[in-house]
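Here our numbering runs 346 ahead of the position in the sequence shown, where the first position is 1. First up is the structure itself, then whatever we jot down about it.
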Amino acid sequence: TYFTENQTTNINPHTGITAEESAKIIIKHVIDGIEIAQKNNLPDRIIDFIRVHHGTSVVYYFFKKMEESGETFDPSDFQYPGPTPFSKETAIVMMADSVEAASKSLKNPTYSMIDEFVERIVGGQMDARQFRNANITFKEIETVKKVLKSKLTNVYHLRVEYPE
């Protein structure tokens, strides 16, 4: 599998292929998901969630890798086709999916690391204007972040750090 969160071995399938090829493979999972959902007659509302769960964000790791290479490239090759989330619910799914997938990279997280991690992921989505078409308030986004932090704290079996 090409998705880090699904890998069970230390073998990286992205070794030996270009950053552009890796990004294409990662981006394609949205199209594949839509096709599978349609084939299985899932409701259009569910298919819409699949379509927008990455919005127009970039496949960050491979985008950065390409930037660091110094080679000329088309940034749109690293961007999901969108559209961006269009409702409160689709925005929440985007936040939860991104945080959950990226959380697999956390090594020995602390409460403060989780706090900064969730703020960075969701803050990046806000900076990229991924929620501009979703009817979601800042207060609701803060609530979602609080829940995501709590759930990650539970997943990693952390206790809240109290000041001395």
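Glycine included, each C-beta is placed from N, C-alpha and C at the ideal position.
Exercise for review: Check Val-501 in the structure and name its three-state DSSP category.
Suggested key: helix
Practice item. With DSSP as the reference, label Val-464 as helix, strand or coil. Key: helix
Exercise for review: Taking all protein chains shown into account, decide if Pro-431 is buried (16 or more other Cβ within 10 angstroms of its Cβ) or exposed.
Suggested key: buried
Exercise for review: Indicate the three-state DSSP secondary structure (helix, strand or coil) for Val-405 in the structure shown.
Suggested key: coil
Review point. Since Gln-425 sits in a beta bridge, which residues does DSSP pair it with?
Key: Val-404
Exercise for review: Pair every Cβ in the region 419-427 with every Cβ in the region 403-410, then say whether three or more of these pairs are closer than 8 Å.
Suggested key: yes
Review point. So does the region 431-446 actually touch the region 485-496, counting three or more Cβ pairs closer than 8 Å?
Key: yes
Practice item. Just mark Arg-397 as buried or exposed, buried being the case when its beta carbon has 16 or more other beta carbons within 10 Å. Key: buried
Exercise for review: Output the distance between the C-alpha atoms of Glu-413 and Phe-395, rounded to the nearest integer angstrom.
Suggested key: 30 Å
Review point. Near Val-501, which residues of its chain fall below 8 Å by C-beta distance, leaving aside the five closest residues on each side in sequence?
Key: Ser-449
Exercise for review: Have a look at Arg-475 and Ala-383 and give me their C-alpha separation to the nearest angstrom.
Suggested key: 27 Å
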